[in-house]
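Chemist:
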Amino acid sequence: MREIQASAITEAVAELFVTANRELPEDVARAMERARTEEPWAPACGILDILRENADIARRDRMPVCQDTGMAVVFAEVGQEVHIAGDFEAAVHEGVRRAYTEGLLRKSVVGDPLRRVNTGDNTPAVIHTRLVPGDRLTLTAAPKGFGSENMSRLGMLTPAQGVRGVKDFVLETVRIAGANPCPPMVLGVGIGGDFESVAELAKRALTLPVDGSNPDPFYAALERELLEAVNATGIGPQGLGGRTTCLGLRILTMATHIAGLPVAVNVSCHVTRHRTVTL
Amino acid sequence: MTIRLTAPLTEETARSLRAGDQVLLSGEVYTARDAAHLRMLECLEKGEPLPFELEGQVIYYAGPTPTPSGRPVGSIGPTTSVRMDAATPTLLAHGLRGMIGKGLRGPAVVEAMKKHGAVYFAAVGGAAALMAACVTSCEVIAWDDLGPESVKRLTLKDLPLVVAVDACGGDAFAQGQAAYLASATNVKE
Ligand code: SF4
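Residue numbers (the working numbering), protein chains in the order written: chain H, 1 to 279; chain S, 1001 to 1189.
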């Protein structure tokens, strides 16, 4: 058994959220550079240049890249030989509280969905915990803005709809989203599982390198094909026209039922933030 | 060509702008998001005064991050405008002249803009650190309890905007996408 103090988790979480909000991850920055070189439409290039400059200013001035510093999503992979001294979830929430108050991030969480009073410290976090072999604890912070989150969709397709159905669903989601999620977007696509796991797959897909590809050649090809199709819609940066509608699209899959084909599209934006640490 | 404007705006100025125009906006504007819009509607229903006189004003749909010491404002980019659509025709009827946000507007808003002579600007969504440099002062004037959603008076210096929907109903999103797609097909042929 390896012991990890709850206070170490709090410190790690606080650091992850502050830095994730100020510094775009390298994969997103690379994808932006690449999109800029491939963009043929002058007004779109102008917007992409503004976005790059914005990311540079945020890093230099230690300011959040975007004012929507998000709901605090945490993916935790807990080694089964780890013993956590203290309350794990309380430690994560405390890290979030510190990041958003001391790190001057925006508090964007209401404690109740209908009565809507701001909690004042951006807690609680959304925590996804998985038990894995080993004696390490891996934490990924993924603050998620809601301009794009609101454009996400989940569909319970029929098996007969197959690949065609998935493609149509993704493109329909992008068309409905249009200019709202601050394109260029990043898309996380979950396929399979059941109702709730497909949504989690889609969110997890947003923590993968945006310019990487699925290890299964079948899904790698589907990622490329979908990205190509999304970038042929003409929506473009900010919805004002151009090639760069999407910086990258990642797919995660799992087994599903003989009667179903769940698909979820988690829409994100050029400020797709994820940062990981292993304790 | 870039057009320099100073808020508040006259109806004549609002009507002279065309979808796709590049604008640098200076002057005073007010922030209001979802919760502040609900409260403004309540005020109007009850006949109570609004936190600011609407005539000629521009509302920026924005909730900045907390202000760091030594700076006028934190990161401040636009939020999605369509969420304010239900309240917007009423505010336009009371004199609101301009709105700054991101994304499309519904048909009822566009009709009200045409009727009253108003303009909708798009700011670059997510370029919030860059836009902070275009704000020279920020002061909470109402509903502090709403935190990031309180109503703030901002003084702007050359905030870069595009006219997204003009007072004739012209739409820069539809026009820009169509122009790009037309050029893309020409290249392929
Ligand atoms: S969609 Fe993304 S870039 Fe746009 S406001 Fe939300 S977090 Fe920021």
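Here a beta-carbon is modelled for each residue, glycine too, at the ideal position from N, C-alpha and C.
#1: Using 9 Å as the threshold, is the C-beta distance between T37/H and L139/H below it?
#2: Got a sec: which bits of the stretch 1126 to 1150 of chain S sit with their beta carbon under 9 Å from any beta carbon on chain H, in order along the chain?
#3: Given a cut-off of 9 Å on the beta-carbon distance, is the pair G145/H and V186/H in contact?
#4: Run through chain S and tell me which residues come within less than 7 Å of L240/H, C-beta to C-beta.
#5: Does the distance between the C-beta of P1191/S and the nearest non-hydrogen atom of the ligand SF4 fall short of 8 Å?
#6: Along the stretch 1107 to 1126 of chain S, where does the CB come closer than 7 Å to a CB of chain H? Name the residues.
#7: Determine, for L1181/S, whether the minimum Cβ-Cβ distance to residues of chain H falls below 9 Å.
#8: I want to check one thing, is the minimum distance from the CB of C269/H to the heavy atoms of the ligand SF4 below 8 Å?
#9: Are P262/H and V189/H closer than 9 Å when you measure CB to CB?
#10: Tell me, which residues are paired with D1171/S by DSSP?
#11: The ligand SF4 heavy atoms versus the CB of F146/H: any closer than 8 Å?
#12: So is R115/H buried or exposed if we call it buried at 16+ other beta carbons inside 10 Å?
#13: Can you pull the chain S neighbours of M63/H, defined as C-beta to C-beta under 9 Å?
#14: Can at least three beta-carbon pairs, one atom from the stretch 1069 to 1080 of chain S and one from the stretch 1097 to 1107 of chain S, be found at a separation below 8 Å?
#15: Taking the alpha-carbon of L227/H as reference, which of E23/H, V166/H, E102/H and N150/H has the nearest alpha-carbon?
#16: To the nearest angstrom, how far is it from the Cα of Q1023/S to the Cα of I1003/S?
#17: Grouping DSSP H, G and I as helix and E and B as strand, with all else coil, what is I258/H?
#18: By the 10 Å Cβ neighbour count, where 16 or more other Cβ atoms means buried, how is R250/H classified, buried or exposed?
#19: Are the beta-carbon atoms belonging to E11/H and A85/H less than 9 Å from one another?
#20: In its own chain, which residues sit with a C-beta less than 7 Å from the C-beta of E89/H, not counting the 5 before and 5 after it?
#21: What are the boundary residues of the beta strand (DSSP E) that includes P128/H?
#22: Along chain S, in chain order, which residues have C-beta atoms closer than 7 Å to that of S268/H?
#23: Any contact between the stretch 1153 to 1171 of chain S and the stretch 1111 to 1129 of chain S? By contact I mean 3 or more CB pairs, one from each, below 8 Å.
#24: Comparing alpha-carbon positions, which option in L131/H, E77/H and R60/H lies nearest T276/H?
#25: Could you say if the stretch 63 to 80 of chain H and the stretch 91 to 103 of chain H meet the contact criterion of at least three C-beta pairs nearer than 8 Å?
#26: Please state the DSSP three-state secondary structure of Q1057/S.
#27: Suppose you measure from the CA of E149/H to the CA of V170/H; what does that come to, to the nearest Å?
#28: Report yes if the CB atom of L105/H is closer than 9 Å to the CB atom of T69/H, and no otherwise.
#29: Hey, is R116/H's beta-carbon within less than 9 Å of any beta-carbon in chain S?
#30: Can the beta-carbon of G1169/S be found less than 9 Å from the beta-carbon of V1110/S?
#31: I need the boundaries of the beta strand (DSSP E) containing I4/H, first residue and last residue.
#32: With distance defined between alpha-carbon atoms, name the residue in V267/H, E23/H, A229/H and K203/H nearest to L252/H.
#33: Name the chain S residues whose beta carbon is nearer than 9 Å to that of C246/H?
Modeler: Let me spell this out:
#1: By 1-based counting over the first sequence, the position of residue 37/H is 37. By 1-based counting over the first sequence, the position of residue 139/H is 139. Going by C-beta atoms, T37/H is not nearer than 9 Å to L139/H.
#2: Shown in chain order are the members of the stretch 1126 to 1150 of chain S whose Cβ falls below 9 Å from a Cβ of chain H: G1126, A1127, A1128, A1129, L1130, M1131, A1132, A1133, D1145, L1146, G1147, P1148 and E1149.
#3: Walking along the first sequence from the start, residue 145/H turns up at place 145. Walking along the first sequence from the start, residue 186/H turns up at place 186. No, the pair does not count as a contact, with Cβ atoms beyond the cut-off.
#4: Locating residue 240/H in the first sequence gives position 240, where the first residue counts as 1. Going along chain S in sequence order, the residues near L240/H (Cβ under 7 Å) are V1162, A1172, F1173 and G1176.
#5: There is no way to answer for residue 1191/S, as the model of chain S reaches only from 1001 to 1189.
#6: Correct list: A1122, V1124, G1125 and G1126.
#7: Residue mapping note: residue 1181/S aligns to position 181 of the second sequence, counting from 1. Cβ-Cβ to chain H under 9 Å: yes for L1181/S.
#8: Here residue 269/H refers to the residue found at position 269 of the first sequence. In this structure, C269/H has its CB closer than 8 Å to one or more heavy atoms of the ligand SF4.
#9: The sequence position of residue 262/H within the first sequence is 262, counting from 1. The sequence position of residue 189/H within the first sequence is 189, counting from 1. With contacts defined as CB atoms closer than 9 Å, P262/H and V189/H fail to qualify as a contacting pair.
#10: To locate residue 1171/S, count along the second sequence from 1; it is residue 171. In the DSSP secondary-structure assignment, D1171/S is bridged to V1165/S.
#11: Position 146 of the first sequence, counting from 1, holds the residue named residue 146/H. Result yes, Cβ under 8 Å from the ligand SF4.
#12: For the purposes of this step, residue 115/H is taken as the residue at position 115 of the first sequence. R115/H should be labelled exposed.
#13: For the purposes of this step, residue 63/H is taken as the residue at position 63 of the first sequence. Under the 9 Å cutoff, chain S gives T1065, P1068, R1071, G1074, S1075, A1128, A1129 and A1132.
#14: With three or more CB-CB distances shorter than 8 Å, the stretch 1069 to 1080 of chain S counts as touching the stretch 1097 to 1107 of chain S.
#15: Within the first sequence, numbered from 1, the residue matching residue 227/H stands at position 227. Of the candidates E23/H, V166/H, E102/H and N150/H, the residue whose Cα lies closest to the Cα of L227/H is V166/H.
#16: What you label residue 1023/S is simply residue 23 of the second sequence in a count that begins at 1. What you label residue 1003/S is simply residue 3 of the second sequence in a count that begins at 1. Per the sequence shown, the amino acid found at residue 1023/S is Val instead of Gln. Put simply, the backbone Cα of V1023/S is about 5 Å away from that of I1003/S.
#17: Counting from one through the first sequence, the residue named residue 258/H turns up at place 258. DSSP places I258/H outside both helix and strand once states are collapsed to three, so it counts as coil.
#18: Looking up residue 250/H in the first sequence gives position 250. Its Cβ being crowded by 16 or more others within 10 Å, R250/H is buried.
#19: The residue given as residue 11/H occupies position 11 in the first sequence. The residue given as residue 85/H occupies position 85 in the first sequence. In this structure, the beta-carbon distance from E11/H to A85/H does not fall below 9 Å.
#20: Position 89 of the first sequence, counting from 1, holds the residue named residue 89/H. The beta carbon of E89/H is closer than 7 Å to those of I127 in its chain, skipping five residues each way along the sequence.
#21: For this step, residue 128/H is matched to residue 128 along the first sequence. According to the sequence shown, residue 128/H is His rather than Pro. Residues V126 to V132.
#22: If you number the first sequence from 1, residue 268/H lands on position 268. What S268/H touches in chain S: nothing, since even the nearest Cβ is about 11 Å away.
#23: Contact between the stretch 1153 to 1171 of chain S and the stretch 1111 to 1129 of chain S is present, because at least three Cβ pairs lie under 8 Å.
#24: As a first step, residue 276/H must be located in the first sequence, where it is residue number 276. Closest in C-alpha terms to T276/H, from the list L131/H, E77/H and R60/H, comes E77/H.
#25: With contact defined as three or more Cβ pairs closer than 8 Å, the stretch 63 to 80 of chain H and the stretch 91 to 103 of chain H are in contact.
#26: To locate residue 1057/S, count along the second sequence from 1; it is residue 57. In the three-state reduction of the DSSP assignment, Q1057/S falls in the coil class, being assigned neither a helical nor a strand state.
#27: Along the first sequence, read from residue 1 onward, the residue named residue 149/H stands at position 149. Along the first sequence, read from residue 1 onward, the residue named residue 170/H stands at position 170. Separation of E149/H and V170/H (C-alpha to C-alpha, rounded to the nearest whole angstrom) is 15 Å.
#28: Looking up residue 105/H in the first sequence gives position 105. Looking up residue 69/H in the first sequence gives position 69. Yes, these two residues count as a Cβ contact at 9 Å.
#29: For the purposes of this step, residue 116/H is taken as residue 116 along the first sequence, with counting starting at 1. Yes - at least one Cβ of chain S is within 9 Å of the one on R116/H.
#30: Taking the second sequence and counting its residues from 1, the one referred to as residue 1169/S is at position 169. Taking the second sequence and counting its residues from 1, the one referred to as residue 1110/S is at position 110. For the pair G1169/S and V1110/S, the CB atoms are nearer than the 9 Å cut-off.
#31: On the first sequence, position 4 is the one that residue 4/H refers to. From DSSP, the beta strand (DSSP E) with I4/H extends over R2 to Q5.
#32: Residue mapping note: residue 252/H aligns to position 252 of the first sequence, counting from 1. For the residues V267/H, E23/H, A229/H and K203/H, the minimum Cα distance to L252/H belongs to K203/H.
#33: As a first step, residue 246/H is located in the first sequence; it is residue number 246 there, counting from the start. Under the 9 Å cutoff, chain S gives no residues; its nearest Cβ is about 14 Å from C246/H.
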